[in-house]
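Student: Each residue of the sequence shown is one higher than the one before, starting from 170 at the first, in the numbering used here.
Glycine is no exception: its CB is placed at the ideal position from the N, C-alpha and C atoms.
This one's a predicted model, so the numbers in the text were calculated from it and none came from an experiment.
This structure is in structure tokens; I'll ask about it shortly.
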Amino acid sequence: MDYLTNYCVTELNIKNSRFIAELFPVDTQSAARDLLKNQKQKYADATHVIHAFVIGKAGEILGMSDDGEPSGTAGRPALDVLKGSGCTNVMLTITRYFGGTLLGTGGLVKAYGDSCKAVLQCAKDNNFIEP
């Protein structure tokens, strides 16, 4: 499995909604919780701050949240992309600022999935190492 060595961030604008995807190295659930708390404080004015994490030597510890988005439209797609990436000890947050246009459930799944893919690509280009 790959490990993240440095923080990485990307931003997508989809129908005037801003999706800020941030990837952090973490090695415990406690660290992931603390990081999420800090992100929610940092982006207190955002509509949603969803998260997903994969932790452990074999990526066996997983977590995610939709943070108020319709069930299964934000955290689950992000977690699925993270699991499929082959990386571990990584925490993803995606902050959404609503732009006034409803995306629908399919649009949300695509937006959050694409945000996760974009930040992973940035990280793989610059910040991942193999054990």
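1. Starting from the C-beta of L204, find all residues in its chain whose C-beta is less than 8 Å away, skip the five residues before and the five after it, and write them out in chain order.
2. Could you tell me the distance, in whole angstroms, from the CA atom of Q210 to the CA atom of V218?
3. Where does the unbroken alpha helix (DSSP H) through A280 begin, and where does it stop?
4. Give me the Cβ distance between T242 and Y266, rounded to the nearest whole Å; I'm assuming they're in contact under 8 Å.
5. If you follow the alpha helix (DSSP H) that A213 is in, where does it begin and where does it stop?
6. Looking at the unbroken beta strand (DSSP E) that takes in A247, where does it start and where does it end?
7. Helix, strand or coil, according to DSSP, for D171 in the structure here?
Tutor: Here's the rundown:
1. F193, V195, M260, T262
2. 10 Å
3. 273-295
4. With a Cβ gap of about 17 Å, T242 and Y266 do not count as contacting.
5. Under the DSSP assignment, A213 falls outside any alpha helix (DSSP H); it carries neither an H nor an E label.
6. Taken as a continuous stretch (DSSP letters only), A247 belongs to no beta strand (DSSP E), being part of the alpha helix (DSSP H) at 244-253.
7. strand
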